[in-house]
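Note sheet for the following structure.
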Amino acid sequence: MTKLRVAHSIKDRESTDQKDGAKRLKVSRLRVSALSLATAVSALGLSQVACAELWGDDQDGYQQDRSYQQDSGASSFTAAAIAAERGDMSALYSYEQAMSGSLFAMYPTYWRMNLDLNSQSAAAVSQFVRQYPNTVMAEKLVADFAETKAGSNDYASVRQVANLITNADASERCAVALGFNNGGDTMRAMAAKSDVWLTTMKQPALCEQLAMEMNNNALISNQDRAARLKRMLRIGKTGDIMALSSRLGTPIAYSALSDIQLNPSSFFSRFGREPASQTNQYLYLYALGRVADKSYREAALQLDFDIKQDNQRSIRLLNDETRRYAYRILGVKRMNYNTDDGFSAEAVDWFRNSLDDDFNFEEAEDYAMAAIRFGRWDDVVEAISKMDSETQKDNQWQYWLARAYEQSSNANKRSIAKKMYQNLAKSNDYYGLMAKDKIGQRFDASRLGGHHLPNVSNADRARVMQDANFARAFALYNADVSRAYANREWNWAVKQARDNRDDNLIVAAARQAYDLGWLDRAIYAIDNTDRVDSLALSHPMPHQDAVVRYSQSAGIDPAWAYGIMRQESRFVTSARSNVGASGLMQIMPDTAKYVARHLGETYSASRANSGDTNIRYGTWYMGDIFKRLNQQPAVATAGYNAGPNNAKRWQPAYGSLAADQYIESIAFPETRNYVKHVMENATIYSSLLGRNQPISQRMGTVPATF
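So for the sequence shown, the working numbering puts the first residue at 364; every next one is plus one.
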C-alpha cells in the first residue's frame, strides 16, 4: 500500500529541525516542582500493570525493561536548569555529579558548557559527544560549538568536530563549510555551494560569509563568478560586486557604484557615450537594479528605450547576455509586487525575454508561477526546465509539468501527462490527491486504516521505554516543563528510529503519545515515516462533537475546520504563535474580539483561548470569511492565514481561475503552502467523516474579485 505522504505544517516544520528554535529557549520556563519530573519518569517506566491500563490489551508475557523506571537524576533536572539560568557554574558541577549515569545526565554538563561555549575546546566537546552518543543534546552542543567557533574565525576547531555533526541546519552547514574552506579542503567546502552561491534570499550570517569567501575557492570557476555577480548586481550587494568583479579581471570601483546608487539617471544619460566594455555591461545591470528597486515600471521603460537606442548603433553597447539578464531583473522585481499591484502577464514576457541556461531556483520558480497564473503552458515547461534535475522531480513540479503537457495539442505529450499523473497518484499529498482526480481515482481513508488505531505488539510497546530518547521525551512531556524540551527529544527519537528504519518503534511510540493526548508528536512521528499508513494517528479528530456542531452552525464543512485546526495547532490546545495567535484554531486577539462582538459576547482572553470557545470562535470566523470571499474555500483558507484583503487581491481581476492556479500563485510563500496543506487535510478528513469530497471538487474555481 502506498504511503500517505502528508506535507508538514509551517509550524511543524519549525520543530522538525532538532536545534533551531530551542537554541534560544529560556530556561526560566522550567520553574516546576522538583518532584514532578521524577514522578513522570517513574510513571513512564510502564510497569506491567500501568502498561495494561494504558493500552487496554492482553499483556500476558509482557516484560518491561526497567532501565528507566527509577531515575536518580530526574528530580534534579529542574534545579539544574534554574542554576543554568543563573549562570551558577559551581551548582552545575554539583548536579553533574548528582545526575551522573541518569537518564538526564547530559543536561547539566550541556548547560555548563553552553554558558561559555566559545571558551570550550574541540576536545571537550568531542568528549561530550562520545560520552552521550546519539543524543539530541550531544548533537546540539557540537553543532552550536561549530557555529560559535566559525563566528569567531576559529576554523581549526570547526574542522575538529565537523564529522560529529549529523543533523545540521543551514547555518551549521555553512559553519562546517567555512571550516573546510579555510583549511584547504576546498572540495568539502563546495558541498554547500548549491545552498548559498546563487541565492539572493536572506541567509544566516555564516552562509552570507561562506558565499563571499567561496569567491576565492579554487573550484569556483569564472563562469560561477559571473553568474553570482549578476545576482549581486541585481540586489545591489556592493562588497560582493567588488570582490567578484575583481577576480573576473573587470574590477568595479566603489566610487562607481556609489555614484550610480545616488543618481542612476545620470549613468543612463551618459551610457550611450561610454565605450563598449564588460565593466559598463555590469554597471548597466547595477543601475537598472537600483531603478527597479524604486519602480519596476520605470526600469522597464528605461530598458525598452535603451535597447531601441542601442539597436541603432553600429556597435552595440548592450550585449545579448546583458539584455537577457536586464529582463530577468524586471521579471523578478515584478513578481514581488503581485499583492500590491495585482498579477500581470508582463512578468511572463520579461522572463521569456531573459531565457538562457543561467537561472537560479528563485528565478525559475518566479517564472513558473507567473506562467502558471496565466496558463502560459509553454512557459511553464520552459521554467521547469531551468530548475536543477532533482528539483524537477519534486511532486510540485511534476504535477505542473503534467498540467502543461495535458494542454498540448501533441498526443504524445498528453499521453506522458497521463503517466505522470498516474505516478503522482501513488502519493496522497496535495499534488497526489490532485493527480488522483485527473485520472479518476478516489481517495479512500479506509485503505489507510480509517479510524482504526494500529495494532502494536507487546514487544514493541516495551521497546519504547527501553529507548532512552523516547523515555526522556515522555518524561519531559508528563512533567510541567517547557514543551520545547520534550518536543526536541521526541523529534530526535523519531529521527534515530527512522534512520534505523525501525517503523515499528515509531508506530509504538506514536500510539503511546496518542493515548496520552500528545497528538502533535504522534502526527509528527507518522508524517516522518516512509512506509507507515495510519490515519488514526496522523489525522486524529479530537473534540469531534464540538467541531461538527460549531461547523454546521457556521455553515462550513467540518472537514475544512479540521483541516485548518490540524495545520494551525496540530491540536495543541495551549499553542501560541510568536505573533500572538492562540488556541486550537490559532485566533489572533483582535479576531477573537471581532467574533465576540458579532456574537454579542463580552471578550475574555482566557475564554477565547479555551478549547470549546476557541473552536466556536474559529469556525464562526471561517464561516464569516467564507461568505465574504464568494464561498470559495481556497480563497477563504488564504484569508484565514493572510487576511481576507490579501486573499481577495490574489483573485483574478476578471474572468475566473482554476483553484490550483490561484493557490500556486499566492504571493506569500507561507500562505501558499498553508492553503495546500489545509486543502489536503480537508480532503482526507472528509473521507474520515464519511463525506468524501475529491480535492478538485472541494477547491473548484476562483471567481474574479468583483
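Beta carbons: idealized from backbone N, C-alpha and C, even for Gly.
For residue i, does the count of other Cβ atoms within 10 angstroms reach 16, so buried, or fall short, so exposed?
i            : result
residue 400  : For residue 400, the predicted model reports a pLDDT of 47, less than 50, meaning its position is unreliable and no value from the coordinates is stated.
residue 604  : buried
residue 416  : Reliability of the predicted coordinates at residue 416 is poor, the pLDDT of 33 falling under 50, and the value obtained from them is presented with this limitation in mind. Result: exposed.
residue 528  : buried
residue 1067 : exposed
residue 815  : exposed
residue 1064 : exposed
residue 1033 : exposed
residue 961  : exposed
residue 564  : exposed
residue 376  : Unreliable positioning characterises residue 376 in this predicted model, as indicated by a pLDDT of 39, which lies under 50. The coordinate reading is nonetheless provided below. Exposed.
residue 671  : exposed
residue 638  : exposed
residue 411  : Residue placement at residue 411 is flagged as unreliable, the pLDDT there being 30, under the threshold of 50; a coordinate-derived value is accordingly withheld.
residue 1052 : buried
residue 518  : buried
residue 593  : buried
residue 550  : exposed
residue 668  : exposed
residue 675  : exposed
residue 901  : buried
residue 394  : The pLDDT assigned to residue 394 is 34, lower than 50, so where the model puts this residue is not dependable; a value taken from the coordinates is nonetheless given after this. By the neighbour-count rule (16 or more Cβ atoms within 10 Å), residue 394 is not buried but exposed.
residue 772  : exposed
residue 802  : exposed
residue 892  : buried
Name, in chain order, the residues that DSSP records as bridge partners for residue i.
i            : result
residue 658  : Beta-bridge pairing links residue 658 to no other residue.
residue 1021 : 1064
residue 950  : 945
residue 846  : Beta-bridge pairing links residue 846 to no other residue.
residue 939  : 945
Starting from residue i, trace the alpha helix (DSSP H) in both directions and tell me its first and last residue.
i            : result
residue 556  : 556-559
residue 964  : Counting along the chain, residue 964 falls outside any alpha helix (DSSP H), and DSSP gives it neither H nor E.
residue 678  : Here residue 678 belongs to no alpha helix (DSSP H), and DSSP marks it neither H nor E.
residue 620  : 617-625
residue 886  : 882-890
residue 1070 : Summary: the structure shown does not reach residue 1070, with the chain confined to residues 364 through 1069, and so no result is reported for it.
residue 832  : 831-841
residue 637  : Unbroken run through residue 637: none, as it is neither H nor E.
residue 908  : 907-917
residue 456  : 452-461
residue 475  : 469-478
residue 921  : 921-932
residue 867  : 866-879
residue 904  : Per DSSP, residue 904 belongs to no alpha helix (DSSP H) and is neither H nor E.
residue 602  : 601-610
On a Cα-Cα basis, can you pick out the residue from the options that is closest to residue i?
i           : options                 : result
residue 749 : 722, 735 and 738        : 722
residue 464 : 439, 447, 453 and 479   : 439
residue 800 : 1058, 921 and 998       : 1058
residue 827 : 793, 845 and 866        : 866
residue 663 : 1027, 696, 981 and 995  : 696
residue 523 : 531, 552, 484 and 554   : 484
residue 943 : 951, 936 and 589        : 951
residue 938 : 911, 999 and 972        : 972
residue 733 : 718, 708 and 496        : 708
residue 704 : 856, 1042 and 1009      : 1009
residue 764 : 941, 753 and 735        : 735
residue 561 : 989, 481, 751 and 681   : 751
residue 496 : 998, 1043, 856 and 1038 : 856
residue 645 : 665, 655, 656 and 681   : 681
residue 807 : 782, 516 and 1054       : 1054
residue 698 : 1041, 1012 and 1030     : 1030
Any Cβ of chain B within less than 8 Å of the Cβ of residue i?
i           : result
residue 723 : Of the protein chains in the structure, only one exists, and it is not chain B.
Problem - Secondary structure, alpha helix (DSSP H): runs of 4+ residues fully inside the stretch 537-589 - result: Counting only unbroken stretches of 4 or more residues, the alpha helix (DSSP H) elements lying wholly within the stretch 537-589 are 549-552, 556-559 and 568-576, in sequence order.
Exercise for the section: Within the stretch 742-796, note down every full alpha helix (DSSP H) run reaching 4 residues or more, in order along the chain. Expected result: The qualifying runs are 752-755, 758-769 and 774-787.
Practice task
Output the residue ranges of the alpha helix (DSSP H) runs that lie fully inside the stretch 989-1051 and measure 4 residues or longer, sorted by chain position.
Solution key: Residue ranges of uninterrupted alpha helix (DSSP H) with 4 or more members, entirely inside the stretch 989-1051 and ordered along the chain, are 996-1005, 1007-1012, 1022-1027 and 1032-1051.
Problem - Segments assigned alpha helix (DSSP H), at least 4 residues, entirely inside the stretch 670-736 - result: The alpha helix (DSSP H) runs lying completely inside the stretch 670-736 and spanning 4 residues or more are 683-698, 701-704, 709-716 and 724-736, given in chain order.
Exercise for the section: Enumerate, from N- to C-terminal direction, the unbroken alpha helix (DSSP H) stretches of 4 or more residues contained entirely within the stretch 481-527. Expected result: Listed in chain order, the alpha helix (DSSP H) elements of length 4 or more contained wholly in the stretch 481-527 are 485-494, 499-514 and 518-524.
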